[in-house]
Structure formats: structure tokens, C-alpha cells
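Below you'll find the structure, written out as C-alpha cells, and then a few comments.
Structure representation (C-alpha cells):
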């Protein structure tokens, strides 16, 4: 049996590999995270959902701290949390309907009876408990005050979720949720594994014959997308070389090997070539809550040039890259890597006197993006808030 | 179910565990006096102990077993390792400290390692103070493929290109690699220290016959990372005089005709690797880390447990719980550890500030390395210096560039420390005797340090033992001099001086363009040769004198004595003349001045032929006469020896009459450096004596 110690070792191992950048790339990072969380759910001993939620949050927090630049880690953790909550809620609503019909049936177990009491009790009570924990060892007066204010919130707030309100504590003992959660997690992992295919399948709708398409950097999603389209349609691609990493060179090589008509241009020629381009298709490192992109450096220039020429910018991205975080500070999601490619280290006298920066990412504001193609279909940037609400629980935004 | 990568990792482990050997001792004293308290590999670089960088690099390479070889402060290293994250269950490798208290060099350490039979296959030999983001596994693969082609390959040295005056290159010690241009086989190695200045190197002509394309390169930073085959250890055991891995081992292997082993270089292009060799490279590598050349090994990766660095614009790294005043100014390349408080109007640039540091108002800090728990009071100014843990600067202290304040030193108030001051709480004269004997065994050091600690307590009670003028009324600390080392270590001392912190500033300002740079190197080499030769000669003279002395006391035959002298002469590459200068006076010293004539005759008939062995031509004879004269001209008593000894030498055919005449007519024989009157006296005596002699024959 894989004990908790083994699990800890696995967590630490992933944390360390994230720190040392031994696992890089949004996709592999999120797959590793999902696999680890599945392990956590199956190995850990829990009988209340809030214990499990705290556990997942705890592990997730460690992973996020290990590599704050890989937003996908946090996204997967949030997805898993949401999934656990959803499984629990549907379970509770099922049992609630069962309870009203055959209440005696459940009462044969004492513990269950207590739990049922909690559930049957009015929603305000559970809310009170919740807030009391915020206010610390509060007196009775304060707790009653909070209870009234909580009910006020209830009155003013979303009455639609009052059904959910009962389950906010997630402290009901559940013995049969584990298999459901694990199967749901497996579904998430499958979704990740099939993601490239799902996105590429939409290629035919977006790429038409004899179009000129520009792309930037190297993205596996875009690569698959274009190659799928190339099977049936004939079009040509312009790749910006994307200095200083020159990822564009690799991208162009890979595309030309697939038989696509490919042209590499230097980054400074992007604006000049843009007038002839029908569409810009690019990948991204992460999508933020406002629809802005964190993408390889050079993308901002491409997007701005496209805006100037009114060329549509299409971003291919898996849903796991969608993050509920807002870019309050554009720098905060950026990463400065070794300045080697910008200036060689042997320039001894220069590097002592010159500050050399090599930012890896660009922030692209949502106004510059026309469409997101995700594994669930195409969405405009203005629709992202919906996707975020569907996929993540607002409570989990901060892990 | 475990992830698949995990299980494959275990399979590899079962086949061959990748081993690494970390040398946690530097075998030099570049970091004194700080290393009196703490081994170099535990000193913080950007608030992280140096050894962590090395271990991190090994972890990335997928190493499974790490042997840490330590000597000085071995307990501290062992304690550190046992409490670190590397000793936990989820550590990527097994970490085993090995203490070698008797070792005095890297060679000794490796011989001991060989004796333990722990290493089973190719291993990584790395110094415990290397900072690198290299993926060593790739280099290891390259080593293995090369080994398949060249069966004699025993070692791959990792080097990085850098221009001659690069900050990360150690000015004190650098090396010249001669490579085969195609295969990057290292065909010759020459260490090139700044002092003594090397002007030539000798290479075997065979090198050019064997290799069509030879590169002689002086643009490498030696990273001190080697991929070694297991034979390397055996070779160290076989050649027990190998001390240094580069100067002795690599040089020895490459110049040996018998071994036929080969060594390759791996030139790193896109990764960073450098070793903290001295204070100058400490400064440079800290800057490299802060300007992110070592990415992903940068502070904001938070590789240490409990680190919480955040990157801010302008290469500023700030940990959590730092309190900055509203009016303080942080310039470029600054890192600040948690718990630090910075008061109003403080200016900090290019500096590392440790944890829990208190900086008072109006302090200026530039290029300083301030370690943990330091207190700096108001109006201080620090430039390009190191302040170790728990240092206290009282108000209005100015620390000029290149200063080194070791643990717990207190300075001030109102003191200006001159440049390159080194202060420690240990009294130097106390331990100096010990270093002089060079018996730096670990136990002794530990005991010594223990004794010093006791001493320290006493010192605290009577403050008058400190130099109050230098370090202020409340000051606590003794001055530490590097220059007290032996005469033979003169070059080493100079090299150390070059490598001190902030030396590069003054140096670089001269070397703005190539032409002046070469002029400077000329100048320094001249100055060096002046001071260097006597020291070499001195050693030689001492040894010759000892040999002659031994010959006298043990009654060697002339043949044996001359053989010994000749060997000595060849070994130190000196002339017959140098030998004569020493031998003649030593022989004459044997003469008993009470019975002058008889004794002179006895001694010279016994030992005169030894001089004869050193004299080959007429010029030599004349020169020998000058030496004789010089000796005799020293005192009045000596002057009486001259005539009889000359006569005896003439009689035993060591000196011929032509030579005597030539000497006699030479101007120099009439008045010399010593006492002119004695010279002339001798001259006259000889005049009579020799004329008599010549007439007699």
C-alpha cells in the first residue's frame, strides 16, 4: 500500500522539480499536477469533504508557491477543488431529496442522524458558524450579530444559491464520494490528454484555402492546429522568428516538414508583412481573467501590428491555461531568464557595466485578441468570465 | 499508482547509481579570517550557503549518491548536511559526508577516497563552492560517447568561455588550455598565476605532430567540475606526489609519455558555471546571480525552504517581512533578506543584505555583502566590503573598499576603516604559530578554535587588548594580516592580494584598452622578477649550505658531496657560480682561526677538491678568487686566511696561475664593496705572496 509518507515524497518531488524547472510547459505541468492530486485524493484518509478540500488546497498551495509563474498549476488545483465541491453538492442534493421522502431510513445510524440535523437546521445557523471562525473566539453577542448580518447577506445576496448554502461547510461525513471524485479526476486527466486533438479538430472552421496566416513562437497547440488544417487545405504561413530564443525557427522547421508553405521573417518585419496577412494564430502561456495573455515575448508586437491592420488575432489555448487571476501588475506574471541569448557572457567588460534583461513573456491586453479557441469551442474574450465561473469556485481564487 | 517517471528513475538507480564527489574544502586561505569560524562552502552567497548551489546542480543532473569530503570544520558541515533538506526521505540523492582530517591537499583526499572503495563508475568531481545551472547529465552523456571513441579518456573538464578581464575570472589563478580544435581533447595544460608571471611555456613537439589543429586558449573560466572515470582515483594513488587536480594531475597526465591517458574539455556555451575561488570571484558571482545569469538558480526561484524572495523591477529581490522606510532608495542589484529593517534616507546599491539586518538612518551602502544579524547604526557608509554575521557598526563609521569584517566584530563610533582592512575576533599571533607549521589537522584546528573561544571570552572582559584607535571605543576585533606568510609564499600572498574584494576596480581602471594592459603586465612582471629571484636563490643557498654542512659533519667523500650539490643545482636550475658563492664561504668557515695556517691547509686539502669540482675554466677560477676575496674582506681575521688558502688551492691545482694573474690585474680586486682597506691589504699581501709563488716555480 502506498502510505502517506510515499505521498509526501511524491509531493516534495514534484515541488522540487517545479522549482528546478525540470518540468516545464503548461501542459506537462498541469498533467503532473492532476496526476498528483488524483494520488492525494485516493491515498489520503478523509471522511468529510472539507478535510479533503483543505488537503488539496494545502498541496496545491505548495505546488503554486514552488512555481508561481506556471499559472496552470493553480488552475488545475482550482479545477480539482471545484470538481470536489460539485460532486459533494450533487450528492447532498440527492440525499436531501431522499431524506424528505424516506427520513426514517437514514436515521438508523446515529452519526448520520447528527449530520442530518446540521443539514436540516436553517441555513443561517451554519453560516453563523462559518463567520464565527473568522471573528475568532467571539462572544455570543457578536456571533448573534453576525448571524443577523449573515441573514441580511442572504436576503440581499443571491437567493438562488440558498440551496447550496447548506453545504457550505462541507462537513458532512461522506463515505462513498471517493470513487466518484476519482473518476471525475480521471475525466479531467483524459481531457488534458485529448486537449490538442480537441482544439485541432476545430481547425477547418477557422482556416480557409489560400489564406496567409502569421504565427509567433513555438506552441504545440498551434502546431497541431495548423497541421490538421493542412491535411485538407492549402495555405501559407509566416513565422516570426521570435528572438532572442528563436523559437520561431523550430516552429517553421516543424511546419515545413509537414509540407506547409512556410516563410520565416525577422521580428522587425512583422509590421511590414502584417498588411498581407489574413489571420494571426498564436498560442499562449496563460490566459488571465480579463482575457489578457501571458505569452512569449514578441507576441505583444504581433498583436499590436494586427490591431493596426485590423487583422483578426486567434489564440489557441486549452482551458487549463485560463486563470482566474487578474493582472494588477503586468510584471508580476513575467519571468526574467538568463540574459545569455541577448548578450554573450564572454563580453567580460561589458556585462559588468551594462544591465541586460531578458523577459520571457509579454502581456497582451484583451482588446488585441479577437477569439479564443479552446477545447470546448471558440469564445470571444468577453465571454471568458463565464468560463471562469463555470470552471472555478470563487472561494478558490486565492490558494 | 506512482507516476511512470518515478519508476523508471528507480530502474536506473538499480543499474548504476550516478555518483558525485563534492570537495568541501578549498585547501587555501583566501577567505581568511572569515573561514576561521565557518568553512567556505557554508558561507552565504546571496543569502544562500554556497554548498546549496552545488548540491542543487547535482540534483538537477540526477545524481543518486553524493560524497562530501570535508576537512576543516567538518562537524559544522556534517551538522548542516544532516539538518538540511538533502537528508530527508524525499531528497533526490543519498548524501554521505566523509571526514578526512589528515588530508593536506585535494590529492590526499582523493587517495583516501580511493582507499575507501566507494566509487564504482564514472563520477562527477565538483568543488563545494561551484555555482552553476549546467545540466551535467548532458555533459556526462557526452563524456560517455567520447569514451566509446577514445578508450583512454579518463576525465572531462568543464570550462566556460570568458574574455581575459572578465569579472568572473579569478585574476589570481587562471589556466591556459591547449586543445585539439576538432575533438576538444586537452593536449596540454599550463596554470598561469598572476605571480610569478609566466612568460613562456614548454610544449612537446609531438602535440603538433599528432594534432593538425591546435588551439591555445586563455579564455576559459575553469568551472572546477570534472567528469572523472574511476581510473582517476587510482592514478592519484599511484602518483602520491600529486596534490592539485589541475597543476599536478592534469599537467602530469598530459606530459607523461607512459600513461597514454587523455583528458578532454567540455566548453559550455549556453549555461553558467563558476567557482567561488576568492573574494573577487565571490563578488562577481554574487553579481551574476543577481543579474540572473544563473537562471533558474536565482533568488526568486526560492530554492531554499523558507525563502520568499520576490523580484522587483531593477533587479531588486526582496523577501517577505522587510520593512523599508518611505525615503530609502534601493538601486540596482540589491537583495534583502527577511526581517531586515531599513530606516530613513538609506541608499543601497549593488549589495546583498542578509536576514534580520538593522540599518539606521542616512546609511550609504554600495557593493557590500552584509550577512545575517548585522546592525548598522546611523550615518555609516560602507563600500565594497564584507560584513559577516553579527557585525555591529556604531554611529558614523566609514568602511572603505575591500574590508573584511569577520563574525561578531564591533566597530565605532566615529571610525574610518582604511581600505583592505581585515578584522576578526580571533587573535592572529595566537594561531599564527600553528599555521606556520602547516600542520592544519582538523582536530588541532578545532581545539585551537575552542581555545580561541575561551580566549575570546577573556578578551571580552578586558577590552584594552583591542586597538582602540583603529576600531573605536566600543570596538571589538583584531587586525588580520595576510602578509605574515612565509617568504616562499610571497607569490601566493600577492595572488591573494590581487584576489581581494574590490581589487578589480583599481585594476580595471588601468586596463581600459589592450595596450596599457600589456604595459602593466610588463611592469608587474619586472617588479616580480626582482623580488622573485632572490627568494628562489635564497632557498637554494640555504639548501646548498645545509648539504655542505652535512658533508662536513658526516665526512662524505668529495664525490658524494659534489654529486649532491650537482643534483641540487640542476633541480633549482641555477649556475655553478651560485653554488660556488655558497660553498666557498662554508668551507672557509671550517677553518679554525686559532691555528690559522695549519687549519687552513688541513681543511682545504680535504675540501678544496670540492671547489675544484665546481670550477671548470679560467674564468671560473678567477670568479672563485673573487668570491674568496669577498669572504676574506669581511673581517680582519678572515683576511688572514686569504694568503694561505690561495696557496693551498694553488698547490692542489684547483686554481692555476693564469687565473691568479688575471684576478690580480683586474680592477675589481683592488677595491670592493666591503671594506676597501682590507681589500687593498689583501691585494698587497697577495702581490707579495703570489709573486713569491710564481717566482718560486
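Residue numbers (my numbering), protein chains in the order written: chain A, 2 to 400; chain B, 443 to 1139.
In this text, a Cβ means the ideal position worked out from N, Cα and C, and glycines have one as well.
Which bits of chain B does residue i rub up against, with CB to CB less than 8 Å?
i              : result
residue 357(A) : 733
residue 339(A) : 575, 714, 734, 735, 736, 737
residue 6(A)   : 531
residue 224(A) : By Cβ distance, chain B contributes nothing, its closest Cβ being about 24 Å from residue 224(A), past 8 Å.
residue 206(A) : Within 8 Å Cβ-Cβ: nothing; residue 206(A) doesn't reach chain B, min ~36 Å.
Under DSSP, the alpha helix (DSSP H) around residue i begins and ends at which residues?
i               : result
residue 221(A)  : 221 to 233
residue 59(A)   : 50 to 67
residue 1050(B) : 1038 to 1056
residue 518(B)  : 516 to 525
residue 549(B)  : 548 to 558
residue 580(B)  : 578 to 591
residue 192(A)  : 178 to 194
residue 249(A)  : 248 to 258
residue 1027(B) : 1018 to 1031
Please classify residue i: is it buried, with 16 or more other beta-carbons within 10 angstroms of its beta-carbon, or exposed?
i               : result
residue 78(A)   : buried
residue 786(B)  : exposed
residue 168(A)  : Low per-residue confidence applies at residue 168(A): pLDDT is 46, beneath 50, and the placement is therefore not dependable enough to give any value.
residue 209(A)  : exposed
residue 355(A)  : exposed
residue 529(B)  : exposed
residue 700(B)  : exposed
residue 309(A)  : exposed
residue 17(A)   : buried
residue 1103(B) : exposed
residue 831(B)  : buried
residue 486(B)  : buried
residue 26(A)   : exposed
residue 57(A)   : buried
residue 729(B)  : buried
Of all the CB atoms in chain A, is at least one closer than 7 Å to the CB of residue i?
i               : result
residue 1068(B) : no
residue 947(B)  : Here the model assigns residue 947(B) a pLDDT of 43, short of 50, so the residue's position is not dependable, and the following value carries that caveat. It does not: the Cβ of residue 947(B) has no partner Cβ on chain A nearer than 7 Å.
residue 502(B)  : yes
residue 708(B)  : no
residue 440(B)  : Only positions 443 to 1139 of chain B appear in this structure, which leaves residue 440(B) out of reach.
residue 882(B)  : Residue confidence is low: residue 882(B) scores 40 on pLDDT, short of 50, so the model does not pin down where it sits. Its coordinate-derived value is still stated next. Residue 882(B) does not count as touching chain A.
How would you list, in chain order, the residues of chain A whose beta-carbon sits under 8 Å from the beta-carbon of residue i?
i              : result
residue 745(B) : 20, 21
With a threshold of 7 Å between beta-carbons, can residue i be considered close to chain B, or not?
i              : result
residue 262(A) : no
residue 10(A)  : yes
residue 353(A) : yes
residue 193(A) : no
residue 251(A) : no
residue 244(A) : no
residue 14(A)  : yes
Just curious, the beta strand (DSSP E) that residue i is in, first and last residue?
i               : result
residue 294(A)  : 294 to 297
residue 207(A)  : Per DSSP, residue 207(A) belongs to no beta strand (DSSP E); it is in the alpha helix (DSSP H), 204 to 207.
residue 1074(B) : Where residue 1074(B) is concerned, there is no enclosing beta strand (DSSP E), although the alpha helix (DSSP H) it sits in stretches over 1060 to 1074.
residue 482(B)  : No beta strand (DSSP E) holds residue 482(B); DSSP gives it neither H nor E.
residue 865(B)  : 864 to 866
residue 634(B)  : 627 to 635
How would you list, in chain order, the residues of chain A whose beta-carbon sits under 7 Å from the beta-carbon of residue i?
i              : result
residue 603(B) : 347
residue 774(B) : 356
Since I believe residue j is in contact with residue i (beta carbons under 8 Å), could you give me their beta-carbon distance rounded to a whole number of angstroms?
i              : j              : result
residue 668(B) : residue 600(B) : 7 Å
residue 299(A) : residue 241(A) : 6 Å
Taking residue i as the query, report the chain B residues whose CB atoms sit under 9 Å from its CB, ordered along the chain.
i              : result
residue 332(A) : 753, 754, 755
Since residue i meets chain B, which of its residues come closer than 7 Å, beta carbon to beta carbon?
i              : result
residue 212(A) : Those within 7 Å of residue 212(A) in chain B number zero; the least Cβ separation is about 37 Å.
residue 396(A) : Simply none; closest approach about 24 Å.
* To do: Note down, in chain order, all residues in the stretch 646 to 671 of chain B with a beta-carbon under 8 Å from any beta-carbon belonging to chain D.
  => Of the chains in the structure shown, none is chain D; the protein chains are A and B.
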